[in-house]
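Take the sequence shown: its position 204, counted from the start at 1, is 279 in the working numbering, and no numbers get skipped. All C-beta atoms in this analysis are idealised placements derived from N, C-alpha and C, irrespective of residue type, glycine included.
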Amino acid sequence: MTLLFVLYCAGLISVQRLSCDENIHEKSHIQNFPFSLHRSTSINGTIKRGQLNLHYANFEKSNVLDLLRIHVRLNDVNKSWDINKPLLQVTCQHPVDAISFTLPTESGEMENGVLLSGLDMETVKSSFDNRSVCLVILVTANSDDVLIYHISVKIYDRSQYSVVLRAPEFSRALSNQKVSAVIPIAFRVNIPDVSVRLLKITVRSDDDFCAFMVIQNCSTAFLHSTMLALNSSVRVTFTRKASIILLANSPFDIFIMMMNDDRMCNPFAPAREYNRKKKFDILFSGLESTSLYPLIIISMVYLTLAIIFLASDQLMPRLRDGQGRTDMPLIVLSDESCSETFPSSTHQELAPIDDSFNTLVHIQMDEDEQQLVKDTALLRTTEQRSVNNGINIITRTFEDQLSLMNDHLDVCHYNMECSVRLGPFHTFNHMYSNIGYFSLGFIFIILISRRYKYWKYHRCTGYNFCPHVFFNVGLMMCLESFASAFYHICPNPQIFHIDTLFVEVALILLMVRFYFVRRGGISLSGIFQSIIFAISFHFAGNALKDKFYLLGIILSSGLLLLIIFQYHLLFGSQSSVESIQTRDWTEWLEYCWQLLTGNERDRSLKLKKILLACITACNIALGLLFETGLLRTTYITLYIIMLNTTGYFIYYVFCKIIDGETILTHVFIYAIASFVLWIVAFYFFNYGKIDWTLTAAQNRAITEECIVFNYYDYHDMWHFSSSLASFFSLLTIAILDDGIMISDFDQQSVLIF
């Protein structure tokens with residue numbers, strides 16, 4: 076471009092009203108070679124350092140929409156020449172487009188070619204009325220030896236691909252189109268009717284050859300080379316099918332061409348011949364305005380569910396305590412003194428607190444308030460730092476998502492077969508389908524707040540409902556909705572784990588609650604530590620999922636923590652054996668082995684051992700499946716945490732049944748509902764076609780159309796069903812122990828397991 080600018084300034088290529096022949100000045104070191112544009116034109120030439128060859132031709136009005144392919148080959152290359160440096164430089168230009176390249180190429184090839192766009196008739200109409208329009212090919216050399224080159228100029232006629240969409244159909248289909256790596260195809264699309272706001276372009280093919288589709292809103296800056304096409308903003312790679320929805324700002328150009336090889340679409344694709352042709356069909360269709368009734372129907376479903384649960388106290392019973400109790404703060408803090416008051420017996424006697432202990436209770440409450448102030452101050456400081464860092468990370472990630480959506484559309488794994496565009500968002504329907512997580516999470520928080528409003532808590536009495544854990548779980552469910560909607564702005568491999576993080580945090584909080592609910596509760600710092608552990612495990616596991624040995628270390632460490640946790644679960648409730656006080660690790664291991672393998676007369680203890688052994692075996696089996704590659708998934712940390720949370724829930728329920736505790740009818744109803752909904756949810760999840768082990772082009776080949784209201788696909792149905800399943804699962808856990816708490820609590824004994 077710099078060389079052309081110098082030539083313009085020197086008057087070698089003029090833009091006056093004279094013809095091209097009159098504008099090219101003859102100089103001793105410049106040679107002019109006029110030629111005529113035909114369907115296929117061949118030019119041979121020689122050049123050496125210090126010379127400048129100028130090949131030029133006049134455009135005809137019949138050629139304005141044509142694509143020009145200019146291919147240059149360097150012949151009779153001497154082996155003694157240094158081919159690591161450029162020998163020949165070629166610059167191609169017409170009034171609205173220009174590009175240059177050198178030979179040999181970076182890969183050592185002695186030939187290369189470029190594409191120049193056709194001219195927009197509206198742009199160049201005045202030029203044809205007043206002056207000639209030229210195609211110029213400028214050749215210079217960087218060698219003292221004589222170089223022999225061959226130029227091939229081919230015209231690809233675009234006139235038959237001028238697509239005009241008119242009422243009433245606003246659609247047009249073109250079949251049996253052919254492209255290759257050297258023969259592109261382009262379409263000029265014009266929509267005269269301004270009422271058409273959106274246009275859908277659908278491409279179908281029967282082969283797996285890799286091609287790309289580029290959209291440009293004006294031909295004056297049309298894509299003239301493969302490299303610029305690959306870096307284009309609106310570019311979509313595809314194999315068998317692809318769809319894209321655009322704002323109908325006509326006229327615009329669509330450019331389709333095959334890749335040099337198929338590894339851009341499939342890294343494991345076999346080699347193919349360079350000149351193979353790809354056949355495809357293309358459909359242009361105008362879309363109507365976005366319908367609101369699918370949004371209204373889904374919103375009404377969740378609104379109705381909210382009204383049903385908030386209007387009745389029977390579906391989520393409130394807990395009320397006796398009038399003679401001492402009020403305790405909502406958030407109960409555990410400390411070392413609390414743990415020391417636990418007797419070694421399995422049964423914890425819960426003595427009522429009457430008015431004779433008022434003085435002791437007041438002193439204890441003062442200590443509670445001081446500890447609460449300290450923990451709250453520390454937590455606020457930590458939370459403030461975490462929030463500031465989190466806001467910065469979220470802001471940067473959101474900007475990256477918008478940048479990918481606007482500038483690098485091809486990396487987004489959209490299901491364009493079922494997409495509803497709204498504003499800048501290409502798949503608004505997939506974002507909106509996450510409303511269930513937020514609405515049901517918010518409803519759950521309200522129900523928990525109302526349920527424990529009048530409950531009086533006891534300190535170190537052996538049981539605590541841990542409502543603050545439920546508050547955090549409900550909050551995680553709400554945050555999951557925003558994270559999932561945020562992810563659907565541009566689904567890509569770098570960000571698809573962002574929503575599973577909140578699910579993992581919620582599952583770990585529930586698992587921790589199963590342990591502490593019968594051990595006096597968990598403190599705010601304990602909850603914060605659990606969240607930090609979940610976040611660390613999530614990022615460590617996902618960052619190292621492709622590194623075999625490091626992932627093995629993570630899985631082994633997690634299994635060790637699991638065994639330690641099970642040790643506390645099993646041995647923390649032993650009543651027949653006293654704890655051993657020794658620093659000899661061999662005696663300690665021998666003691667643990669006797670507890671595990673001893674012939675217990677207690678049938679319930681045997682069953683607990685069997686359950687915990689099954690959980691451990693499942694974890695080991697899951698780790699082996701990951702390590703051996705038999706289970707190929709990108710949700711490694713989620714599966715591990717989900718398995719353990721489910722295992723401890725089953726363990727907790729079986730312990731209740733073994734020890735004869737009452738389970739209310741509501742629990743069974745919610746448990747059955749959640750079980751059925753989880754089966755439906757996982758069906759939709761597994762039926763969803765996005766596979767993160769595939770490329771975006773491969774995923775486009777297997778995407779499906781909408782299945783509900785012509786608005787929602789299988790992944791949206793996963794959002795709806797999993798949100799309902801999560802809600803009923805949380806209700807099941809929240810009222811699981813109501814059988815012992817709604818009854819006369821002061822006369823009950825609470826079991827530890």
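Cα-Cα separation between residue i and residue j, rounded to whole angstroms
i	j	result
S559	F262	37 Å
S605	T740	32 Å
N133	L143	13 Å
I230	M551	60 Å
F57	N350	Since the first residue of the chain shown is 76 and the last is 828, residue 57 is not available in this structure.
L713	V578	8 Å
P340	V238	The sequence as given places Cys at residue 340; Pro does not occur at that position. Going by the C-alpha atoms only, they are around 28 Å apart.
G549	C493	30 Å
I212	C487	38 Å
P369	S801	23 Å
F729	T721	12 Å
L805	L706	29 Å
L222	V214	11 Å
I331	F359	14 Å
Q164	A216	6 Å
Y83	H169	With a pLDDT of only 40 at Y83, under the threshold of 50, the placement of this residue in the model should not be trusted, and no figure is reported.
G601	N547	12 Å
Pick from the options that is closest to residue i, judged by C-alpha positions
i	options	result
F545	I583, L718, K354, D791	I583
Y710	T768, L752, T166	T768
I733	F803, L686, R351	L686
P568	P259, D766, E244, G549	D766
E348	G361, M334, L358	M334
T770	P566, E244, W156, F803	P566
F384	S514, L322, I570, C541	S514
F589	A216, F355, Y787, I725	I725
I573	I610, M586, V592, P499	I610
G735	I815, P243, N761	I815
Y131	M185, T502, V208	V208
I118	L129, G125, R124	L129
I808	I523, E555, Q291, D151	I523
A323	F608, D388, L240, Y377	L240
M717	A692, S600, V269, L585	L585
Residue i, buried or exposed, once every other Cβ within 10 Å from all chains shown has been counted against 16
i	result
M375	exposed
T708	exposed
S366	exposed
H505	buried
G183	exposed
P179	buried
H104	exposed
Q773	buried
R496	buried
H790	buried
H299	With a pLDDT of 40 at H299, under the threshold of 50, the modelled position of that residue is not reliable, and the figure given next carries that caveat. The residue is buried, with at least 16 neighbouring Cβ atoms inside 10 Å.
S796	buried
H113	exposed
P259	buried
heavy atom of the ligand FAD below 7 Å from residue i C-beta
i	result
D337	Ligands are entirely absent from the displayed structure, and the ligand FAD is therefore not among its contents.
Assigned secondary structure, residue i (DSSP; H/G/I helix, E/B strand, else coil)
i	result
G601	helix
L178	strand
C565	coil
E363	coil
L379	The residue you asked about is not Leu; residue 379 is Thr in the sequence shown. Residue state, collapsed to three classes: helix.
Q106	strand
T166	strand
Spatial neighbours of residue i in its chain, beta-carbon cut-off 6 Å, leaving aside the 5 residues before and after
i	result
A426	Confidence at A426 is low in this model, with a pLDDT of 40, below 50, so the placement of that residue should be treated as unreliable; the coordinate-derived value is given next. Contacts found: none.
V228	T116, I145
S799	The sequence given here places Leu at residue 799; Ser does not occur at that position. If we look at L799 and ignore the five residues flanking it on each side, its Cβ neighbours are L752.
V311	M288, A317, I319, D485
L576	H613
R393	R526
V832	No information on residue 832 is available, as it lies outside the stretch 76 to 828 that the chain covers here.
Residues near residue i by beta carbon distance below 7 Å, same chain, minus five either side
i	result
P326	R263, V264, N265
M355	According to the sequence shown, residue 355 is Phe rather than Met. Answer for F355: Q252, V278, R279, S280, listed in chain order.
F38	Summary: the structure shown does not reach residue 38, with the chain confined to residues 76 through 828, and so no result is reported for it.
F760	W793
F803	Y745, A748, S749, L752
D812	none
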